[in-house]
Amino acid sequence: MAKKKTFRPKPRRPRGFRDRSGEEILAEQAMLRRICDVYASYGFMPLETPAFEFTDALGKFLPDVDRPNEGVFSLQDDDEQWMSLRYDLTAPLARHVAENYDALPKPFRRYQVGTVWRNEKPGPGRFREFTQCDADSVGAPAPHADAEAIMMFADAIRAAGLEDRDVKIRVSSRKVMSGLLEAVGLDPEDKGVSGTVLRAMDKYDRLGAEGVRLLLGQGRKDESGDFTQGAGLSDGQADHVLAFMEAASDDDAAAIAQMRGVMGGSAVGAEGADELDAIAETLAAMGYASRVRIDPSVVRGLDYYTGPVFEAEVTFPVQNEKGETVVFGSVGSGGRYDDLVKRFKGVEVPAVGCSIGVSRLLTALAARGEAQAARGPVVVLALEADRMPAYHRMAAALRAEGIRAEVYLGGSGMRAQLKYADKRAAPVVVIQGEDERTQGEVTVKDLELGAKLSETVESNEEWRSGQPAQVTVPEGELIAAVKRALGAD
RNA sequence: GCCGCCUUAGCUCAGUUGGUUAGAGCGCUUGAUUGUGGAUCAAGAGGUCUCUGGUUCGAUUCCAGAAGGCGGUACCA
C-alpha cells in the first residue's frame with residue numbers, strides 16, 4: 001500500500017532577498033528619520049509612488065525587443081502590458097512630474113523613501129531588494145541646484161551616522177567626461193568605445209593607473225583569471241585619459257584647471273568645467289570644501305546623468321562575517337538628469353537629486369560594530385494562571401505611561417520567564433507572585449543593573465540570596481518604581 | 001555571465017588513508033535552586049554527513065553533474 005507523501009516545501013528565500021530582524025528595522029527607521037529630517041529641513045516634501053510602474057514609463061524595454069531589460073523584475077498585467085518593479089526612485093519621479101506637470105510648483109522638490117528591486121547578482125552589502133532615500137529638485141537648472149544637492153547630501157550622510165573622516169564625497173561631471181572623450185577623438189554618444197572608456201575610468205580607485213591603462217588598451221586579466229576586453233585605445237589616447245584622471249587634487253580649482261587643459265577646446269567640456277567651478281565656489285563659501293572633492297574618477301553607471309555627478313564611499317574597511325575585507329560600493333550618489341522628464345513631455349526639464357542607499361549604509365555601519373542592541377519591552381511575569389487580568393492591567397498601566405510593556409504569554413515557569421525576558425533584552429521585569437499579592441505588593445527587577453552587578457558576584461548562593469537590583473513596593477508605586485529602574489541605566 | 005573556494009548537529013568546525021555505534025565547542029532542554037536572568041556542575045535532545053548519478057561487496061569519504069553559499073570579476077539599464 002503506497003503511502004501518500006505530504007508535500008513539505010523547503011523554507012528558503014530567493015537569492016539576494018533577506019529577512020530583517022527587529023533590531024535592523026529599528027536601526028533603519030532611526031536612520032531614515034534622521035536623513036528625511038535633513039531633506040525636510042531644506043524644504044523638500046515627501047512623496048510616495050507605487051512599487052510597480054509600466055515598463056515603458058521606466059524606459060526599461062530592451063532596444064528593438066518586445067521584452068523588458070533583464071535587470072528589472074517584470075511581469076505582464078492581464079491586458080498583456082509589461083509592468084516592472086521600480087529599480088530606483090528617480091524614474092518614477094520623472095513619471096509623476098510629467099503626469100502632474102501643470103499642477104506642480106516648479107521647481108518641484110520632493111523626498112522619498114522606498115524599497116527598490118534590481119535583478120542582479122547580489123554581493124557584499126548588495127541585495128536584490130533594498131531601501132533608498134532620495135531627494136530631488138525638478139525644474140532647477142545647474143549649477144546652483146547641484147551645489148545645494150551636494151551640500152544636502154553631505155548633511156544627510158552625516159546625519160545618517162557617518163562622521164566626516166568615515167566618508168569621501170567626490171564630484172565630477174558628465175560634461176567634462178564628454179569633453180575628454182572629444183579631446184581624445186572619440187564620440188561621447190558612441191555607447192561602445194566611449195562607454196568602455198568611462199567604465200575603465202570608474203575603476204581608477206580600485207585598479208589604479210596601471211589597471212585603468214590596461215582596460216583602456218587591450219584589456220585586463222583579473223586575479224581569478226577572468227579577462228576583460230579593453231577599449232582598444234592607442235597609447236597616446238590612454239595617456240591623455242590618464243592625464244585627466246591625475247587631475248585629482250586637494251585644490252578643487254587646480255583640479256578643474258588641469259581638466260580644462262587636458263580637454264583642449266571642447267565646448268561641452270568647458271561648460272562642464274564652468275559648472276564645476278561654480279559648484280566648488282559655493283561649497284567653499286558654505287564651508288563644505290573639507291567634505292567634498294572634485295575628482296575625475298567619479299563616473300556613475302546610470303546613463304541618464306547629463307551634468308554633475310557625485311557619490312559617497314566609506315573610507316574604512318568593511319569586513320564580512322568571516323572577517324574578510326570586502327570590496328564595498330558607494331553608499332549614496334546623485335547627479336543631474338536634464339532629459340528624464342523630456343522622455344514624457346518633449347520639453348527639457350532640468351533636474352538634480354541624490355539618493356542614499358540606506359540598506360548598504362546600515363551594512364557598513366554594522367560591519368564596523370556600531371549596531372547597538374535595542375532595548376526590549378518591560379515584561380510582566382505571569383506566575384498564577386488565574387491572575388492574568390491583573391497582569392494585563394499592570395502592562396496596560398505601563399503602556400499608558402508610554403512604556404513598552406508585555407505580559408509573558410508562554411507556558412513556562414518563573415525561571416524560564418526570566419530567561420525569556422533576558423533574551424528579549426527587557427530592561428525590567430515586573431513580578432507579582434503569591435507572596436507579593438497577599439501583601440498587596442509588586443517586585444520590580446532591573447535586569448540591566450543586575451547583569452552589571454553579576455559580573456562581580458562569584459557564587460550562586462551570593463547571587464541568589466542577595467536578590468540584587470530588585471525592589472518590592474506597594475502595588476500603587478509600580479509605575480514610579482519601573483520608571484526609576486528605567487531611568488537609572 | 002566568467003573564475004576560484006566552500007557545503008558534516010541550531011551555529012562554528014573537526015573527522016573517517018572507503019567498513020558496522022559520525023565527534024567537539026558554543027547554543028538549546030531539564031535538574032541541582034516549591035518563586036529569580038549570570039557563573040558552576042550533572043543529565044538530555046538534536047544528523048537522509050546538500051542533492052542526483054557513477055565506481056565498489058560496501059560511499060559521508062573516490063569520480064561526475066546539479067543546487068545552494070561565499071568571494072573576485074563583468075554587467076548595473
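Residue 249 in the UniProt record's numbering sits at position 249 of the first sequence, and the numbers go up by one each step. Yeah, the Cβ is synthetic: ideal placement off N, Cα and C, and Gly gets one too. Remember, it's a predicted structure, so these values are computed and weren't measured experimentally.
Count the other C-beta atoms from every protein chain shown that fall within 10 angstroms of the C-beta of residue 516, then say buried if there are 16 or more, exposed otherwise.
Outside the modelled stretch of the chain, which goes from 1 to 489, sits residue 516, for which no answer is possible.
Should the stretch 161 to 176 be regarded as contacting the stretch 386 to 393, the criterion being three or more beta carbon pairs within less than 8 angstroms?
With the cut-off at 8 angstroms, the stretch 161 to 176 and the stretch 386 to 393 do not touch.
Following the continuous beta strand (DSSP E) through serine 173, name the residue where it begins and the one where it ends.
Here the beta strand (DSSP E) through serine 173 covers 167 to 173.
Report yes or no: do the stretch 396 to 409 and the stretch 346 to 356 share at least 3 C-beta pairs separated by less than 8 angstroms?
Contact fails: fewer than three Cβ-Cβ distances are below 8 angstroms.
Given this structure, state the Cα-to-Cα distance separating alanine 147 from alanine 280, to the nearest angstrom.
Rounded to the nearest whole angstrom, the CA to CA distance from alanine 147 to alanine 280 is 8 angstroms.
Measure the alpha-carbon distance for isoleucine 256 versus proline 377 and round it to whole angstroms.
The alpha-carbon atoms of isoleucine 256 and proline 377 are separated by roughly 55 angstroms.
Let's test the definition: count the other Cβ atoms within 10 Å of the Cβ of threonine 306 and tell me whether it reaches 16, buried, or not, exposed.
So threonine 306 counts as buried.
For aspartate 78, which option in Phe54, Leu418, Lys452 has the closest C-alpha, if you only look at C-alpha atoms?
Of the candidates Phe54, Leu418, Lys452, the one whose C-alpha sits nearest the C-alpha of aspartate 78 is Phe54.
Could you name the residues of the same chain whose beta carbon sits closer than 7 angstroms to that of alanine 416, not counting the 5 residues immediately before and after it, in chain order?
There are no such residues.
Do you know how far the Cα of glycine 411 is from the Cα of methionine 1?
Confidence at methionine 1 is low in this model, with a pLDDT of 40, below 50, so the placement of that residue should be treated as unreliable; the coordinate-derived value is given next. Cα to Cα, methionine 1 sits roughly 41 angstroms from glycine 411.
How long is the line joining the alpha carbons of glycine 114 and threonine 49, rounded to whole angstroms?
Taking the straight line joining both Cα atoms gives about 9 angstroms.
Close-in-space but distant-in-sequence residues of the same chain around methionine 286 (CB under 7 angstroms, 5 per side omitted)
Around methionine 286: Met151.
According to DSSP, is threonine 315 helix, strand or coil?
Three-state result, threonine 315: coil.
The ligand GDP heavy atoms versus the CB of valine 314: any closer than 7 angstroms?
As for the ligand GDP, it is missing from this structure, which has no ligand bound.
Could you tell me how far apart the beta carbons of valine 314 and alanine 154 are, in whole angstroms, since I believe they sit closer than 8 angstroms?
Contact between valine 314 and alanine 154 is absent: CB atoms are separated by about 14 angstroms, not below the 8 angstroms threshold.
Give me the Cα-Cα distance between lysine 345 and alanine 98, rounded to the nearest whole angstrom.
Looking at the two C-alpha atoms, the distance is approximately 6 angstroms.
Return the CA-CA distance between alanine 159 and phenylalanine 61, expressed in angstroms with no decimal places.
If you take the alpha carbons of alanine 159 and phenylalanine 61, they lie about 37 angstroms apart.
Since arginine 86 contacts alanine 51 with CB under 8 angstroms, what's their CB separation in whole angstroms?
Right, the Cβ-Cβ distance comes to about 6 angstroms (below 8 angstroms), so this counts as a contact.
Alpha-carbon spacing of aspartate 303 relative to aspartate 37, whole angstroms:
The C-alpha of aspartate 303 lies about 30 angstroms from the C-alpha of aspartate 37.
Using 8 angstroms as the cut-off, can you tell me whether the stretch 434 to 453 makes contact with the stretch 472 to 481, which would need three or more C-beta pairs spanning the two stretches below that distance?
When Cβ pairs closer than 8 angstroms are counted between the two stretches, the stretch 434 to 453 is seen to touch the stretch 472 to 481, the count reaching three or more.
Using three-state DSSP, classify aspartate 274 as helix, strand or coil.
Note: aspartate 274 maps to helix in three-state DSSP.
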